[in-house]
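Asker: Just so we're aligned, residue 1 is where the first sequence starts under the UniProt record's numbering, counting upward by one. Before I ask anything, here is the structure I am working with.
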Amino acid sequence: MALKASDNPNLAHDFDDEDGPLTFKRYTSSKKKQLHSQLTKSTSPSSNGQPSSNHKGNTVPSAVGNSKASTSLANSNSPKPVLDQKIPIHIKGETKSIKHSTKDSEDEDHNKPFSARLKVNSNNDNKSTPVVVKKSYEDSNDDGAMPLSAKLFRNSNARASCGNYDDSDVKKPISKVQKERQNGSSASNKHEKPSTLLAKRPIDNSNSMHTSVKKLKVSDPAGSIKTEQVSMKCEPKVDDDDDGIPISQRIKKPLTSPDKSSSVNRKLTMSADKSSSMKNSLTKVTKVNKAGKTSFKKQPQKLKKSGKGSDYSKSTKLLPSSGDGQKKWTTLVHNGVIFPPPYQTHGVKILYKGKPVDLTPEQEEVATMYAVMRDTEYMQKDKFKENFWNDWRKLLGRNHVIHNLKDCDFTPIYDWYQSEKEKKKQMTTEEKKALKEEKMKQEEKYMWAIVDGVKEKVGNFRVEPPGLFRGRGEHPKMGKLKRRICPGDIVINIGKDAPIPECPILGERWKEIRHDNTVTWLAYWSDPINPKLFKYVFLAASSSLKGQSDKEKYEKARMLKDYIANIRAAYTKDFTNKDITKQQIAVATYLIDKLALRAGNEKDDDEADTVGCCTLKVENVTREAPNKLKFNFLGKDSIKYENTVEVELPVYNAILKFQKEKRPGDDLFDMLDTSKLNAHLKELMPGLTAKVFRTFNASITLDDMLNKGTKGGDVGENIVVYQKANKQVAIICNHQRSVSKSHSAQMLRLNEKIDGLKAVLKELKTDLDRAKKGKSPLKSSDGKAKRNLNPKALEKKISQTNAKIEKMQRDMKTKDDLKTVALGTSKINYLDPRITVAWCKRHEVPIEKIFNKSLLAKFSWAMDVDPDFRF
DNA sequence: CTCCGGACTTGCAAATACTTTG
DNA sequence: CAAAGTATTTGCAAGTCCGGAG
Numbered sequence: 001m002a003l004k005a006s007d008n009p010n011l012a013h014d015f016d017d018e019d020g021p022l023t024f025k026r027y028t029s030s031k032k033k034q035l036h037s038q039l040t041k042s043t044s045p046s047s048n049g050q051p052s053s054n055h056k057g058n059t060v061p062s063a064v065g066n067s068k069a070s071t072s073l074a075n076s077n078s079p080k081p082v083l084d085q086k087i088p089i090h091i092k093g094e095t096k097s098i099k100h101s102t103k104d105s106e107d108e109d110h111n112k113p114f115s116a117r118l119k120v121n122s123n124n125d126n127k128s129t130p131v132v133v134k135k136s137y138e139d140s141n142d143d144g145a146m147p148l149s150a151k152l153f154r155n156s157n158a159r160a161s162c163g164n165y166d167d168s169d170v171k172k173p174i175s176k177v178q179k180e181r182q183n184g185s186s187a188s189n190k191h192e193k194p195s196t197l198l199a200k201r202p203i204d205n206s207n208s209m210h211t212s213v214k215k216l217k218v219s220d221p222a223g224s225i226k227t228e229q230v231s232m233k234c235e236p237k238v239d240d241d242d243d244g245i246p247i248s249q250r251i252k253k254p255l256t257s258p259d260k261s262s263s264v265n266r267k268l269t270m271s272a273d274k275s276s277s278m279k280n281s282l283t284k285v286t287k288v289n290k291a292g293k294t295s296f297k298k299q300p301q302k303l304k305k306s307g308k309g310s311d312y313s314k315s316t317k318l319l320p321s322s323g324d325g326q327k328k329w330t331t332l333v334h335n336g337v338i339f340p341p342p343y344q345t346h347g348v349k350i351l352y353k354g355k356p357v358d359l360t361p362e363q364e365e366v367a368t369m370y371a372v373m374r375d376t377e378y379m380q381k382d383k384f385k386e387n388f389w390n391d392w393r394k395l396l397g398r399n400h401v402i403h404n405l406k407d408c409d410f411t412p413i414y415d416w417y418q419s420e421k422e423k424k425k426q427m428t429t430e431e432k433k434a435l436k437e438e439k440m441k442q443e444e445k446y447m448w449a450i451v452d453g454v455k456e457k458v459g460n461f462r463v464e465p466p467g468l469f470r471g472r473g474e475h476p477k478m479g480k481l482k483r484r485i486c487p488g489d490i491v492i493n494i495g496k497d498a499p500i501p502e503c504p505i506l507g508e509r510w511k512e513i514r515h516d517n518t519v520t521w522l523a524y525w526s527d528p529i530n531p532k533l534f535k536y537v538f539l540a541a542s543s544s545l546k547g548q549s550d551k552e553k554y555e556k557a558r559m560l561k562d563y564i565a566n567i568r569a570a571y572t573k574d575f576t577n578k579d580i581t582k583q584q585i586a587v588a589t590y591l592i593d594k595l596a597l598r599a600g601n602e603k604d605d606d607e608a609d610t611v612g613c614c615t616l617k618v619e620n621v622t623r624e625a626p627n628k629l630k631f632n633f634l635g636k637d638s639i640k641y642e643n644t645v646e647v648e649l650p651v652y653n654a655i656l657k658f659q660k661e662k663r664p665g666d667d668l669f670d671m672l673d674t675s676k677l678n679a680h681l682k683e684l685m686p687g688l689t690a691k692v693f694r695t696f697n698a699s700i701t702l703d704d705m706l707n708k709g710t711k712g713g714d715v716g717e718n719i720v721v722y723q724k725a726n727k728q729v730a731i732i733c734n735h736q737r738s739v740s741k742s743h744s745a746q747m748l749r750l751n752e753k754i755d756g757l758k759a760v761l762k763e764l765k766t767d768l769d770r771a772k773k774g775k776s777p778l779k780s781s782d783g784k785a786k787r788n789l790n791p792k793a794l795e796k797k798i799s800q801t802n803a804k805i806e807k808m809q810r811d812m813k814t815k816d817d818l819k820t821v822a823l824g825t826s827k828i829n830y831l832d833p834r835i836t837v838a839w840c841k842r843h844e845v846p847i848e849k850i851f852n853k854s855l856l857a858k859f860s861w862a863m864d865v866d867p868d869f870r871f
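Okay, structure coming up:
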């Protein structure tokens, strides 16, 4: 039976419940120790503001249990559930969201290079990204020069003051306000049960080892395991003279319109915060600062008690940081990686100067890779062809009949490939299903790893197949052959006691076996295109290990909220610093804060030429008097960033100075690089780096927009509010997507539909007029007679049609607005899921409407956040 | 310091799965 | 039911940041 099951795709069900989206996972041993690490490693992200439940619980996960688990896995690829602690929660699978429909007219675009398209978009279309960023500032002319999140931030201040303080808070020394403000992460603990992790964990672990398949019911409170979190609060202290006046002014100004909804929430939040403060934990003092002026103190944070029940069942709680020095796991069992099948020759010949040419399988394989890319934009790029030719020529050998690429005709292979594709498409669903099952069966054993006794999904267990390198933008290496990876290229990382995965290719062996528990990768090989880089095999996003660090990331970003006022004050002051390095740091930090730019590491010549903040070139920034800066550069993935913003005058002048006497291609911030910048940031807040600003900006924007924008409408309306906020974040972060090939056609079609409805409308009106006069309706266009309706019915129909038309037009507009905006990236990487979950709870929006299955699994650690949680 | 190996997150697009529509 | 769309998943490239060696 077991065997049978494992062969069967259905078998997967066994796993299914286990890795269902909302699950309970065990706590990692390493997590328990973090206290220690926090104390030791002040800079570690996790170490700060992390919930920690350390005290007493140092129970070590017993190796015994783990080894047992591993054994079972090793001995039988049995899919048998190894994890017991995961609690499945029923989730409605359908995560549907909103859709837009439409079409429009701009087809030619897809033939252009991506960058070109973007350019077109941004130039012609005000709705598109770059410009939009600008839009975000429009609503607040008064503070156009204010950092992106400043406006939001002030709101949070406002919120804070609703609770216990009056507006004057804002004027209080920042440190005071901050001190009074509770640290957020505690909110999420509200729901937790008293039982602490510490106490529980060991038990759970052992359970997992011995009891194998028990699943806890979500609904069973007793069964659910809660974790407590303790977050620490940071209380930055600032030197009085350091307090930038400008900043405080900016912050004050804002209080303009506190949103009602937020004030209500605020109260809840505050009280939650209060209650939370009680158990505490560690106090840490970090001394920071330049000039020895500022010192930040951390305060203990507390656990929260769980409040009223939420509609969501509780799920996993992650432990605080992954401290323990460096230790990421105690036991690790997995089956290695799976290789792509060997090349199957097809024997289709290419033509050289019109004549068929014989190729060896190796030569044919590479020729096929090329042939198959005929319809891509790479074929228009000389660099791609050149690189391909250079690598392929090597395979062809010295005196091969083929002497140049130009005379090669790959059409036969291309056609063969197309027909193969067609064949596949024509297969019956049955056949397809069978094929899929077969594949599943082969891969199933590689899909899972057992980490500290808990079964976790592996992210990418498939070794990358050979192919032609598809670098983005103008990558110097595009088209190069990415050779096949063999076991001899692969380094495996696995627990000491775990069986070493059998090498799947006969007669070969792994390059190396390691037992390094300070890292999370299960395997890696070096990138054949750039041997300096590695390709890693990690656990999936839904794993506890990933969830852990995800949470730490958001906690760090939240911590920034407490420091941001001081940081702004500090850099504002330095806008005019005589020390040019400091001045550049100040301006760069300002840009990162205001525009959510990436840090901008240096790049090699053999990479696409893109920039981030520190690597901006003089030519990327154009001044527009009196105080605007126009940015235009290619950022990550060669995505164009185009944005014109108003900046504070000192910034404008500083840029002027940095540009002076430099050539267009020179570095704008010539005294700066990311390590200097980050080193500086770290002095301002422990663990602070440039990327934290992006997370911070994104999440606080979401939090703010949700709370301001939600008016208590129905679910549908609320979802629109969410999407709007999501879109705003995507715009801030410049998350773009290429316009789909069929976009214009879709818009066109929608227009036709609307026109059709309009025609109907007209006809209805005519009928109405006639009906009022007692005449029967005219015949419809197809000549048939229509039913004779009374005026009332006709009026109703008219208004219905009108509504339909309006809705369609709205949808169309939305669709067009979003055609170049990618919402997914921010959802996955930048928006603290607790904001979303808490908001959903508050407004009774089913979380499945916002998060799909993967997201639910990835964010399982955030599911039981307190409804009052605010970023 | 700087350089660079190393590890991990972020990001877009292609492939695939699933839904709606005609 | 196929075509048309949309949503989700997968693939893998491209960033960030850290820390150790020189």
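Even glycine gets a Cβ: it sits at the ideal position worked out from N, Cα and C. Predicted model, so just to flag it, every value in this text is computed and none were measured.
Our contact map puts Lys457 next to Ala523 with C-beta atoms below 8 Å; I'd like the distance itself, whole angstroms only.
Answerer: Between Ala523 and Lys457 the Cβ distance is about 15 Å, and since that is not below 8 Å, they are no contact.
Asker: Considering only the beta carbon of each residue, do Met808 and Leu764 sit closer than 8 Å?
Answerer: Taking 8 Å as the Cβ cut-off, Met808 and Leu764 do not qualify as a contacting pair.
Asker: When the Cα atoms are used, what is the spatial distance from Glu386 to Gly479?
Answerer: Put simply, the backbone Cα of Glu386 is about 8 Å away from that of Gly479.
Asker: Would you report the Cα separation of Lys421 and Lys432, rounded to the nearest angstrom?
Answerer: 13 Å
Asker: Please report the straight-line C-alpha distance between Ile427 and Glu377, rounded to a whole angstrom.
Answerer: Reading off the sequence shown, one finds Met at residue 427, where the question assumed Ile. Note on geometry: alpha-carbon atoms of Met427 and Glu377 lie some 29 Å from one another.
Asker: With a threshold of 16 other CB atoms inside 10 Å of the CB of Asn390, please say whether the residue is buried or exposed.
Answerer: exposed
Asker: Quick one: give me the first and last residue of the alpha helix (DSSP H) that Pro650 is part of.
Answerer: Leu649 to Gln659
Asker: Provide the residue(s) that pair with Pro356 in DSSP beta bridges, ordered along the chain.
Answerer: Leu351
Asker: Going by DSSP, name the residue or residues bridged to Val451.
Answerer: Leu332 and Val454
Asker: Rounding to the nearest angstrom, what Cα-Cα distance links Lys436 and Phe851 in this structure?
Answerer: 26 Å
Asker: Alpha carbon to alpha carbon, how far is Trp416 from residue 873? Give it in angstroms, no decimals.
Answerer: In the structure displayed, the chain extends from 1 to 871; residue 873 sits before or after that span and is not available.
Asker: Look at the Cβ atom of Ile732, then the Cβ atom of Ala596, and state whether they are nearer than 8 Å.
Answerer: yes
Asker: Can you give, in chain order, each stretch of the alpha helix (DSSP H) that sits fully within the segment 707–770 and has at least 4 residues?
Answerer: Counting whole runs of 4 or more residues, the segment 707–770 contains the alpha helix (DSSP H) stretches 715–732.
Asker: Taking the alpha-carbon positions, what's the Ile585 to Arg663 distance?
Answerer: 21 Å
Asker: So, for His843: in the same chain, excluding its five sequence neighbours on each side, which residues have a beta-carbon less than 7 Å away from its beta-carbon?
Answerer: Cβ within range, chain order: Thr710 and Asn718.
Asker: Tell me whether the segment 647–654 and the segment 564–583 touch, counting them as touching only if at least three CB pairs, one residue from each stretch, are closer than 8 Å.
Answerer: yes
Asker: Just to confirm, is the Cβ distance from residue 882 to Gly665 under 8 Å?
Answerer: Nothing can be reported for residue 882, as the shown portion of the chain is limited to 1 through 871.
Asker: Just to check my reading of the structure: Thr615 and Asp667 have Cβ atoms closer than 8 Å, yes? What is that Cβ distance to the nearest angstrom?
Answerer: In this structure, Thr615 and Asp667 form a Cβ contact; the two beta carbons are roughly 7 Å apart against a cut-off of 8 Å.
Asker: Are there three or more Cβ pairs, one per stretch, closer than 8 Å when the segment 350–363 is compared with the segment 388–403?
Answerer: yes
Asker: Please say whether Leu684 and residue 872 have beta carbons closer to each other than 8 Å?
Answerer: Beyond the ends of the chain as shown, which are 1 and 871, falls residue 872; an answer cannot be given.
Asker: What residue range is occupied by the uninterrupted alpha helix (DSSP H) comprising Ser854?
Answerer: Lys853 to Lys858
Asker: Would you check if the distance between the CB atom of Val611 and the CB atom of Ile655 is smaller than 8 Å?
Answerer: no
Asker: Rank Phe631, Met747, His475 and His403 by C-alpha distance to the C-alpha of Asp605 and give the top, closest one.
Answerer: By alpha-carbon distance to Asp605, the top candidate from Phe631, Met747, His475 and His403 is His475.
Asker: How many whole angstroms separate the CB atoms of Tyr641 and Asp832, which I take to be in contact at a CB cut-off of 8 Å?
Answerer: The pair is not a contact, with the Cβ atoms about 24 Å apart (cut-off 8 Å).
Asker: So which of Gly774, Asp767, Ser776 and Ser740 has the shortest CA-CA distance to Val821?
Answerer: Ser740
Asker: Label Glu686 either buried or exposed according to how many other C-beta atoms from any shown protein chain fall within 10 Å of its C-beta, with 16 as the threshold for buried.
Answerer: The sequence given here places Pro at residue 686; Glu does not occur at that position. Answer is buried; the Cβ neighbour count reaches 16.
Asker: How many Å lie between Lys379 and Val451 at the Cα?
Answerer: A small fix is needed here, since residue 379 is Met in this sequence, not Lys. So the alpha carbons of these two residues sit roughly 45 Å apart.
Asker: Please determine, among Gly488, Ile494, Lys511 and Thr836, the residue with the shortest C-alpha to C-alpha distance to Thr331.
Answerer: Closest in C-alpha terms to Thr331, from the list Gly488, Ile494, Lys511 and Thr836, comes Ile494.
Asker: I think Lys482 touches Ile413, with their Cβ atoms under 8 Å apart; what is that distance to the nearest whole Å?
Answerer: The beta-carbon distance between Lys482 and Ile413, rounded to whole angstroms, is 19 Å. This is too long to meet the 8 Å contact definition.
Asker: How about residue 889 and Leu855: are their beta carbons less than 8 Å apart?
Answerer: Since the first residue shown for the chain is 1 and the last is 871, residue 889 is missing from the structure and cannot be characterised.
Asker: Mind checking which residues open and close the alpha helix (DSSP H) that includes Glu552?
Answerer: Ser544 to Asp574
Asker: How many angstroms separate the CA atom of Arg870 from the CA atom of Cys840?
Answerer: 12 Å
Asker: Starting from Met417, trace the alpha helix (DSSP H) in both directions and tell me its first and last residue.
Answerer: In the sequence on display, residue 417 carries Tyr and not Met. Counting along the chain, the alpha helix (DSSP H) containing Tyr417 begins and ends at Thr411 to Gln426.
Asker: Assuming Ile338 and Arg484 are in contact, meaning their beta carbons sit under 8 Å apart, how far apart are those beta carbons, in whole angstroms?
Answerer: Not a contact, Cβ separation roughly 14 Å.
Asker: Compare the beta carbon distance of His743 and Lys657 with 8 Å and say whether it is the shorter of the two.
Answerer: no
Asker: Checking the sheet assignment: what are the DSSP bridge partners for Arg462?
Answerer: Ile338
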